[in-house]
């Protein structure tokens, strides 16, 4: 069968999948002992897997903004104190559209990716949480019954990954030359609280004997639970972890349909596929049950898989750390971008291809930050007035090497972790390695001084419309 892609003369399709809140260490291809991800494992065997991809922040808005701009949060300015990406900064979607791509995004369950935050900029079509899929086929009476009965049966419409993948396949199926190549972005929320995995995976991942009351409690009261990690019993924490693993497997299974379609239609030979996450999740580590207030590797070290057979050899694992948001430059490099907004030397200086091919060294330092958590501080205090740790409720910056991680807190606390001997970051060795801590602190200051820092525009939750606020509340953000 001839590839449908032979007629995309210059540029390949790009399918960019972000599995929101997915921990790298819960994937089989990253060494997890349970078979949670056979389909992502298969994808990894087709391309490059980055073992130490470091995200720029610990939650969606700053991290996704970095992926879309190739900039650190202190450069693009979208963070807890300013919930809006400046119009002045070119986005990946804008650059792709500029050279003739049709740009489409599906972010149906996450309002941090929307017009409200300006992350929709550059997409020809952007389907966010306000988008309603057409009603099911059939008679008007059946459609009306379906609409009425779903809420009564508590059929959830929060995580719509299956429908997103269906829509992506439909668009790819409809594509034919001489149409523009496609840049398709998907944000899938299967692994974001509240955890509602497909039933078939519940028994497989330790939930067969789970107390149904525990499961219902964890799913129904997740907003309160995240602010009271000490209130969970060991049994409940084990159930929570089982639910998360089952959600990972559910997401992986849903993606299988897309991978099989691409294989069957022979798209893979001229399609770039990216599978990654914007951040991980605390599931009891560091006595936390969320993805705020921390710059530990459980949140920052994210999965990153890239496939593109013409340029990326299969089954390659890259061990040295990379800054995840340099995926921006890597994609531009892979499509041979030539445009006025991003100079070629900037692309080459940050492209993963240049690292792996030995043309430039891998980055010795990677960076991350979490601005003062203004967005979530009020929410957490409302749910739990006793949740009051000055080291959590402050701004944080981190710098990381392959061996050490230094974290600086707005409270004045400093931490240094020896990642080779303590990958879980459980022991602060700041006192044991004072010179290394001081060197990393200087690197952090030098990095921030060397680049232009964008002052916040002070767009906050109060500026969002009621629909946006409702969606964010459903996810437990406000």
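Residue numbers (our numbering): 546 to 1023. For each residue, glycine too, the CB sits at the ideal point set by N, CA and C. Since the structure is predicted, the reported quantities are computational estimates derived from the model, not experimental observations.
Taking the CA atoms as reference points, residue 572 sits about 11 Å from residue 791. In this structure, residue 625 lies near residue 918, with their beta-carbon atoms less than 7 Å apart. Here residue 739 is buried: its Cβ has 16 or more other Cβ atoms, across all protein chains shown, within 10 Å. Here residue 637 is not near residue 897, since their CB atoms are 7 Å or more apart. Linking residue 993 to residue 724 through their CA atoms gives a straight-line distance of about 43 Å. Looking only at 939, 735, 935, 574, the smallest Cα-Cα distance to residue 920 is reached by 939. In the three-state reduction of the DSSP assignment, residue 846 falls in the strand class, which pools E and B.
In the assembly as shown, residue 622 is a buried residue. Its beta-carbon has 16 or more other beta-carbons within 10 Å. The alpha carbon of residue 928 has as its nearest neighbour, out of 951, 770, 980, 881, the alpha carbon of 770. Per DSSP, the continuous alpha helix (DSSP H) segment holding residue 587 begins and ends at 583-590. Note on geometry: alpha-carbon atoms of residue 606 and residue 565 lie some 11 Å from one another. The beta carbon of residue 569 sits closer than 6 Å to those of 575, 846, 847, 848, all from its chain and outside the five residues before and after it, given in chain order.
Of the candidates 730, 719, 720, 774, 730 places its Cα closest to the Cα of residue 706. Residue pairing by DSSP leaves residue 668 without any beta bridge partner. Contact annotation: the stretch 883-903 does not touch the stretch 787-801, with fewer than three C-beta pairs closer than 8 Å. Checking the DSSP bridge columns, you'll see residue 558 partnered with 816. A distance below 8 Å between beta-carbons, with the five flanking residues on each side excluded, links residue 760 to the following residues of its chain, in chain order: 752, 784, 788. Sorting 603, 634, 639, 660 by C-alpha distance to the C-alpha of residue 616 places 634 at the top. DSSP, read as helix, strand or coil, puts residue 864 in coil. The continuous alpha helix (DSSP H) containing residue 921 extends over residues 919-928.
Sequence-distant partners of residue 584 (beyond 5 residues in either direction) whose C-beta falls short of 8 Å from its own C-beta, in its chain, are 797, 798, 800, 801, 804. Burial check for residue 641: the Cβ neighbour count within 10 Å reaches 16 or more, so the residue is buried. Taking 7 Å as the cut-off, the Cβ atoms of residue 875 and residue 557 do not count as close. Unbroken alpha helix (DSSP H) runs of no fewer than 4 residues, entirely contained in the stretch 863-897, are found at 872-879, 889-895, following chain order. In the displayed model, residue 784 falls within a helix according to three-state DSSP. Take residue 989, set aside five residues on each side of it, and the residues of its chain with a beta-carbon closer than 6 Å to its own are 942, 944, in chain order.
Counting the other CB atoms within 10 Å of its CB gives residue 911 a total of 16 or more, which places it among the buried residues. Counting every other CB atom within 10 Å of its CB across the protein chains shown gives residue 555 a total below 16, marking it as exposed.
Apart from the 5 residues on each side of it in sequence, residue 925 sits with its Cβ closer than 6 Å to the Cβ of 772, 932 in its chain, given in chain order.
The alpha carbon of residue 977 has as its nearest neighbour, out of 608, 963, 820, the alpha carbon of 963. Between residue 711 and residue 857, the alpha-carbon positions lie close to 27 Å from each other. Scanning the stretch 911-992 for uninterrupted alpha helix (DSSP H) segments of 4 residues or longer gives 919-928, listed from N- to C-terminal end.
For residue 878, the CB contacts under 6 Å within the same chain, skipping 5 residues up- and downstream, are 892, 896, 898 in chain order.
Around the CB of residue 599, 16 or more other CB atoms lie within 10 Å, so the residue is classed as buried. Checking the DSSP bridge columns, you'll see residue 647 partnered with 727. Going by beta carbons, residue 852 and residue 591 fall inside the 7 Å limit.
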